[in-house]
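In my numbering, the protein residues as written are -3 to 803. Note that the Cβ used here is the ideal one computed from N, Cα and C, for glycine as well.
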Amino acid sequence: MRVLSLVLLAILGLPLTFGGAYLLALGGSPFYFLSGLAVLATAFGFIKRTRWALPLYAAWLVVLLIWSLWESGLHWWPLATRLGLPAIIGFVLAIPASRRDVSGSQPFASGKPVLATSLLSAVVAIIGIPFNLQHETDGKLSMEVVNPDAKTGDTAQAEGDWEAYAGSHHGQRYSKLSQITPENVNKLDVAWQIRTGDMKGPGDVGETTYQATPIKIGDTLYLCTPHSLAIALDADTGAEKWRFDPQAGLESNRQHQTCRGVSFYRGADVTPVAAAVVEVAGEQPAAALEAPVAQATAAKNAAHCKNRIFLPSSNSKLYALDAETGAVCEDFGDKGAIDLLHNMPAKQPGYLNPTSPPVIVGDILIIGHSVNDNYAVESPSGVIRAYDVHTGKLLWNWDSGNADATEPFDPANPDQVYKASSPNSWTVFSADAELGLVYVPLGNRVPDQLGQYRNEDEEKYTAAVVALDIKTGKLKWHQQTVHHDLWDMDLASQPVLLDLDLEKGRTPALVLPTKQGDVYVLDRRDGTPIHAVGERPAPQGTDVPGEHTVPTQPFSALSFEPPALTEKDMWGASLIDQMMCRIQFKQLRYEGRYTAPSLQGTLVYPGNFGVFNWGSVAVDPERQVMFGMPTYLAFVSTLIPREALSGDTVMNLGEQGINANEGAGYAVKMHPFLSPMGVPCQTPPWGTVAAADLRTGKIAYQHRNGTIRDLSPIPLPINMGVPGIGGPLMTKTGVAFLGAAVDNNFRAYDVATGKVLWDARLPAGGQATPMTYLNSKGEQMVVLVAGGHGSIGTKAGDYVIAYKLKQ
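1) Please report the straight-line C-alpha distance between residue 734 and residue 793, rounded to a whole angstrom.
2) Beta-carbon separation of residue 493 and residue 167 under 8 Å?
3) Give the DSSP bridge partners of residue 522, in chain order.
4) Quick check: what's the CA-CA separation for residue 340 versus residue 405?
5) Looking at residue 675 and residue 635, is the spacing between their C-beta atoms short of 8 Å?
6) Is it true that the CB of residue 438 sits closer than 8 Å to the CB of residue 363?
7) What's the call for residue 541, buried or exposed, on a 16-neighbour Cβ count within 10 Å?
8) Beta carbon of residue 223, beta carbon of residue 351: below 8 Å?
9) Does DSSP put residue 50 in a helix, in a strand, or in coil?
10) Measure the CB-CB distance between residue 778 and residue 768 and report whether it falls below 8 Å.
11) Run the CB neighbour count on residue 567, radius 10 Å, all protein chains shown included, and call it buried at 16 or more, exposed below.
12) Identify every run of the beta strand (DSSP E) within the stretch 659 to 713, keeping only runs that are complete inside it and at least 3 residues long; order them along the chain.
13) In three-state DSSP terms, what is residue 400?
14) Quick test of the definition: if touching needs 3 or more C-beta pairs under 8 Å, does the stretch 737 to 751 touch the stretch 702 to 717?
15) Would you mind giving the Cβ-Cβ distance between residue 208 and residue 764, rounded to the nearest angstrom? I have them listed as a contact below 8 Å.
16) Using the Cβ count rule (16 or more neighbours within 10 Å means buried), how would you classify residue 321?
17) DSSP on residue 300, reduced to helix/strand/coil?
18) Near residue 272, what residues of its chain come up, given a Cβ to Cβ distance below 6 Å and the 5 sequence neighbours on each side ignored?
19) Measure the CB-CB distance between residue 9 and residue 28 and report whether it falls below 8 Å.
20) Excluding the 5 residues flanking residue 153 on each side, which residues of the same chain have their C-beta closer than 6 Å to its C-beta?
21) Using 8 Å as the cut-off, can you tell me whether the stretch 513 to 523 makes contact with the stretch 472 to 483, which would need three or more C-beta pairs spanning the two stretches below that distance?
22) Below 8 Å on the Cβ atoms is my guess for residue 225 versus residue 194; work out the distance and round it to an integer in Å.
23) Just list the beta strand (DSSP E) runs in the stretch 163 to 231, keeping only unbroken ones of 3 residues or longer that don't cross its boundaries, in chain order.
24) Specify whether the stretch 612 to 622 and the stretch 721 to 732 touch according to this definition: at least 3 beta carbon pairs, one from each stretch, less than 8 Å apart.
25) Let me know the alpha helix (DSSP H) ranges lying completely inside the stretch 556 to 634, each 4 residues or longer, listed in chain order.
26) From residue 75 to residue 64, what distance separates their C-alpha atoms?
27) From which residue to which residue does the alpha helix (DSSP H) around residue 529 run?
28) Determine the burial state of residue 317: buried for a count of at least 16 other Cβ atoms within 10 Å of its Cβ, exposed for fewer.
29) If we count Cβ pairs, one from each stretch, closer than 8 Å, do we get three or more for the stretch 650 to 659 versus the stretch 369 to 379?
30) Measure the C-alpha to C-alpha separation of residue 329 and residue 390 and round it to an integer number of angstroms.
31) Closer than 7 Å by C-beta to residue 13: which residues in its own chain qualify, once you throw out the five before and the five after it? Chain order, please.
32) By Cβ distance, which residues of its chain are closer than 7 Å to residue 539, with the 5 residues on each side in sequence left out?
33) Let's see if you can read the secondary structure: which residues bound the alpha helix (DSSP H) around residue 28?
34) Helix, strand or coil for residue 792, going by three-state DSSP, please let me know.
35) Using 8 Å as the threshold, is the C-beta distance between residue 181 and residue 682 below it?
36) Apart from the five residues on each side of it in sequence, which residues of its chain come closer than 6 Å, Cβ to Cβ, to residue 137?
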C-alpha cells in the first residue's frame, strides 16, 4: 500500500507541477503549480517517513476545497472533478498499511487529519448534487389557452394526418391530438417496430445520419432513409407497401449522407374527358380520331400520379413518385427527376446535396440544398428554385449572390450560370400561402471562416432569413442574424409561423431560433421585430490579410445565449484533465462571442454545432409558447496556411477535421473543445430543455437533459445534461416528445414544467424529430426514427418505431 500511495501521489503531483508551471506562464491560475508542489512534498515526506507529510496533504485538501467552492460554488460537477481524485488519494493515505514500511512497522503518522479532510471534501461535493448549474432556470410555463381557434397550417388536413415535415408548412411541430396526456403518457408502449435495411456501411462517409421525420396521409406513412430510399408503410402495422431506390450510390466527397424527409402533393380530382368527334365535310380527320385516345391517356397518366411524393436524393436529384405505388412520375422533369446541377457554375460530385424536403404551396414546389462547407472556394451555388409540381418546369430562381435575377434560367443554356458558392439553405423552409410568402433561412458563402470572397449581396443575405414571393421569387424582406459571418452560424432551424395575441392585437409572427441561442420573433408580413432586436459591440481584429471584422453584431431580446467562458468554467474528467483544458483555453484566442478565426486557434462559443440546429423548436399556437432543446458545446476553429499543408494531410472527411478550402490561402480545422480524456472542456450541462412564452419573450424554465449512460464505459444513467441534435414534438395536452440526446433515450416532458414524464430506451440513436397521427382505429400513435448520427457518434441503426397507449 505504501508503494501504491507513492505512485498515486506521483501521478497527481508531477502533472500538476509541470502542467501548472506552463499554465502559470500562459497567465493562468497559479493554483495548479502550487498544488503540484504540495503533493510532491507530501510524497517526499512519505519517503522520509516524516510526521508532517499527512498533515500537509490534509491542509492542501482544505485549501483545495476552499478554492473549489470559490471558483464553482456549491455545484456538483465542478466540485466532483476538482475534489474526486485528491479525496480518493486521501482515503488511501489514511489506511494504516499505507504508512508502514516493508517490515510492517507501526504507521509513522496518524491518518485522522487526511481522513477527516477527505470525508469533508466528499460530503461537500455530495451536498452540491441538488444545486443548480449554469443554464438552469426554475419556473413554470403558463398553459392558458390564448387562441383556441389557432391554425396549425394554411390548409385543413384530415384529422390525425401529418402532411409535412413539421406537421404543416407553418413548421410548428404541434399536434391537436389529445389522447396522450401528462397523466397517461407513462403508459406508452411499442405498437410496432420495423427495420428499413438501410444501414451505414464501410464505404459511407463519416457523417452518415438518420434524421428523417415521416409524413402521414390517409393510411400510409412516407419516409426516406440516409441513402435516399423512399419507403411507404402501413400506418397501422408498419408493413411496407412500396419502396423506391434512386440508386444514388456512394460518393466520398459528400459531406453528409442523410435525408430529413419527403414532401407530399395532393392533386385535384381527375374528371374523365368525353370523347368529342369532329366532322368536317362528312369526314373524320386523323386528329379528331386521335383526340379521344390522347385524352384518355392523359386522364390515365394524371390518375397515376395524382398524388405525389417528392424525394430529395443525395445524387443531386429531385424525384416525383406516385404516392400510391412508388412508381416514377415520368411527366415530371426528365422521366421523373430533375437534376439539380443544372446551371451550376461548379459540379463537383457530392458537393450539392438536397438534404431537406421541399415546401409545396399550390402547384409550386420550392427547394434548396446543402453545399459542402469549406471544401472549395468555387462550389455549386446556393440558389433557391421553384418548379411546377406537374412538369418540373423551372418557374423562378432566387440566388443570394445575385438577388435581383429571379427570372428562370434556361436549364439548356450553358451561358446562364448561377453565382458560385453563394449562401445556401440546407434546412426546411416555411410558407404562408395567405400572405404568398416562403421563408428561407440561409447559411453563408463558403469558405465559412474566410469572408473576403463575398460580394455585396452575399454579405447582405449571409445568415439571414429571407421572405420570398411564392409566385415570383422576389424578395419581400430579410433579417440578418450575423454580419460578415466567420463562424458557420448559418440559420439551421426551420422558421415557425403562428399568430401572437399582443397588446396591439393579433399579429402574424415568425419565430426563428439560431445557432447563437438568439430566438428572433418577427412580424412575418414585413420582418418588423416583435421582441427587440439590437446591435452590440463585437470583438475586433483579425490576423488574416484582406479579412475584416465588423464593429457590432445583432442580438435578440429572447435569447438562450450562454455567458462568455472564463478560465473558471473549464472542466475535464479530473483535476489534471481540467488543468489541461485551462492550458488549451489560454492557448486559444477568445474574447467572447464572435472572436475572429485565427492561426493560433479560436474558441467559438456557442460552437457551430449550435444552441439550436435543424431540429428547431416546437410551438403551441393556442397557448403561444415554445419548447426546445438548447445545446452548449464550444468548438475550436484554426486557420492553416496553404503552405503548411503536406501532401499526405488528410482533409475533407466531414465538417470536423481539416477542410481544404481549395482555392483559398487557408484551410480550416474544426473540432469540439475537448479535454485529453475526450470530454467537453466547459462545465456541464451541455444539453438542456427549455420553454418560453412567445408573447412576453420570457424564458419560463431551463433544465439539464440527458444522461451519460451511453457516453461512459460504465452505463451510468446520471442526468448530466448531454449534447444532442434533433427536434421536439408538442401536443395539445401539454406533452412534448424529444429524442435527440446522445444517450439513446426517447422522452416525454410536461411542457408546463419541463419534468420528464416518460423515458424509453432506443435500439439506436434517436437523432430525428418525432411525429404523431391517428391510425385507422382512431388511436394516437407517436413515431420516431432511430438510426444514429455520424457527427456525434451515436449508435447506428435503421429502426422506425411507433408507440401507442397500452390497452
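Well, looking at it:
1) Taking the straight line joining both Cα atoms gives about 18 Å.
2) Closer than 8 Å, so yes.
3) DSSP, once it has assigned bridges, lists no residue as partnering residue 522.
4) The straight-line gap from Cα to Cα measures roughly 11 Å.
5) Result no, Cβ atoms of residue 635 and residue 675 do not sit closer than 8 Å.
6) Cβ atoms of residue 363 and residue 438: not closer than 8 Å.
7) It counts as exposed.
8) The Cβ atoms of residue 223 and residue 351 do not sit closer than 8 Å to each other.
9) Reduced to three states, the DSSP call for residue 50 is helix.
10) In this structure, residue 768 lies closer than 8 Å to residue 778 by Cβ.
11) Buried: at least 16 other Cβ atoms inside 10 Å.
12) You should have 662 to 668, 684 to 689, 694 to 700.
13) Coil, per DSSP.
14) Segments in contact, yes.
15) Rounded to the nearest angstrom, the Cβ distance from residue 208 to residue 764 is 6 Å, consistent with a contact under 8 Å.
16) Burial state of residue 321 is exposed, judged by a 10 Å Cβ sphere holding fewer than 16 other Cβ atoms.
17) DSSP places residue 300 within a helical segment (H, G or I) once states are collapsed to three.
18) Residue placement at residue 272 is poorly supported in this model, since its pLDDT is 30, which falls under 50; the coordinates still yield a value, given next. If we look at residue 272 and ignore the five residues flanking it on each side, it has no Cβ neighbours.
19) Pairing residue 9 with residue 28 gives a Cβ-Cβ distance that is not under 8 Å.
20) In the same chain as residue 153, and ignoring 5 residues on each side of it, the C-beta atoms closer than 6 Å to its own belong to 159, in chain order.
21) Verdict: yes, contact present.
22) With a contact defined as Cβ atoms closer than 8 Å, residue 225 and residue 194 qualify at about 6 Å.
23) Complete beta strand (DSSP E) runs here, min 3: 184 to 191, 211 to 213, 216 to 220, 226 to 230.
24) Cβ pair count under 8 Å is three or more, so yes.
25) Complete alpha helix (DSSP H) runs here, min 4: 571 to 583.
26) The straight-line gap from Cα to Cα measures roughly 6 Å.
27) No alpha helix (DSSP H) contains residue 529, which is instead part of the beta strand (DSSP E) from 529 to 533.
28) Here residue 317 is buried: its Cβ has 16 or more other Cβ atoms, across all protein chains shown, within 10 Å.
29) By the Cβ test, the stretch 650 to 659 is in contact with the stretch 369 to 379, since at least three Cβ pairs between them sit closer than 8 Å.
30) Taking C-alpha positions only, residue 329 is separated from residue 390 by approximately 9 Å.
31) If we look at residue 13 and ignore the five residues flanking it on each side, its Cβ neighbours are 29, 32, 33, 36.
32) Cβ neighbours of residue 539 beyond the five flanking positions: 594, 595.
33) Segment 27 to 44, the alpha helix (DSSP H) holding residue 28.
34) The answer is coil: DSSP assigns residue 792 none of H, G, I, E or B.
35) Against a cut-off of 8 Å, the Cβ pair of residue 682 and residue 181 comes out as no contact.
36) Apart from sequence neighbours up to five positions away, the residues of its chain that approach residue 137 with a beta-carbon distance below 6 Å are 621, 687, 696, 748, ordered along the chain.
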